[in-house]
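Numbering (this note's numbering), first residue to last: 153 to 448.
C-beta atoms are modelled at their ideal positions from N, C-alpha and C, and glycine is treated no differently.
Predicted model, so just to flag it, every value in this text is computed and none were measured.
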């Protein structure tokens, strides 16, 4: 699967929380998070310059010095709000998968483990779910625009962190490609569309170098900030409300397109605040204003 033409779309991916499955605790600030969010933004490669202008404008309105990279966790609430409002005007769509990890403890997927470093199994699986939705969305857009599809259409850039290796991702998604070709995919509910994605088109980069990754950081952090957990007793929905208009929509639906909640069957499994926060997000995403069937 050699690389070929230049990508038509770029998917920038970041995370919030951690993908460890050890129990979390409010009395232990360094314990694992209750939720893990993986997501990012998709932009047309031809819109990269516009993305740079959007982020520079956001930094200027937030009073940040020119040339400084933006990082959600390092800013106060006012600056976060200003930047989210500006990102809502950008020419991109965002996707996110978020998991309530308590329900993942003890679960094993031996096929996933066989192609994943153990500590990255949850990350890899959630990245797969993202790519299923992103490739479907991008192919749909190309079809609407009467553009021919090519396996090099979607380029994926992951925020660099310790423990991520592009060789592992290449191995994992190449095996999925082989399963796709032979019709032996283990989980058939959703499939990565390899007609617009080549597993070799995955790379990592530091957020400080890439504007798209900085925007992805704000997406996943805004969603993470709205989720209740011991390390975050007062969740805040303000930021996710600002950027919700940029969430990906397909077939008049945001949920299970731009936003995917885990575990599957969350409405039967989760209770209390954990159930209510997803219902609230689902209600927010169901607004007719947001679900206008556009793919721009």
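Point to revise | Cβ-based burial, residue 417 [other Cβ within 10 Å; buried from 16] | key: exposed
**Study point:** Supposed close pair residue 194, residue 250 - CB separation, criterion 8 Å
**Key:** Going by Cβ atoms, the distance from residue 194 to residue 250 rounds to 17 Å, so no, they are not a contact pair.
Review point. How long is the line joining the alpha carbons of residue 401 and residue 277, rounded to whole angstroms?
Key: The alpha-carbon atoms of residue 401 and residue 277 are separated by roughly 22 Å.
**Study point:** Supposed contact pair residue 308 and residue 165 - C-beta distance, whole angstroms, cut 8 Å
**Key:** 7 Å
Review point. What is the DSSP secondary structure of residue 193, counted as helix, strand or coil?
Key: Correct three-state label for residue 193: strand.
**Study point:** residue 434 - containing beta strand (DSSP E), residue span
**Key:** Looking at the DSSP string, residue 434 is not in any beta strand (DSSP E); the run it does join, the alpha helix (DSSP H), is 424 to 437.
Review point. Thinking C-beta only, is residue 207 closer than 8 Å to residue 367?
Key: yes
Review point. Is the CB-CB distance between residue 371 and residue 192 below 8 Å?
Key: yes
Review point. Comparing alpha-carbon positions, which option in 205, 228 and 282 lies nearest residue 218?
Key: 205
Practice item. Mind the definition here: the segment 421 to 431 touches the segment 219 to 228 only if three or more C-beta pairs lie below 8 Å; say whether that holds. Key: no
Check your understanding: Since residue 275 and residue 171 are thought to touch, with beta carbons under 8 Å apart, how far apart are those beta carbons, to the nearest angstrom?
Key -> 5 Å
Check your understanding: Going along the chain, which residues of its own chain have a beta-carbon closer than 7 Å to the beta-carbon of residue 380, five neighbours each way excluded?
Key -> When the five nearest sequence neighbours on each side are left out, the beta carbons in the same chain lying within less than 7 Å of the beta carbon of residue 380 are those of 387, 425, 426 and 429, in order along the chain.
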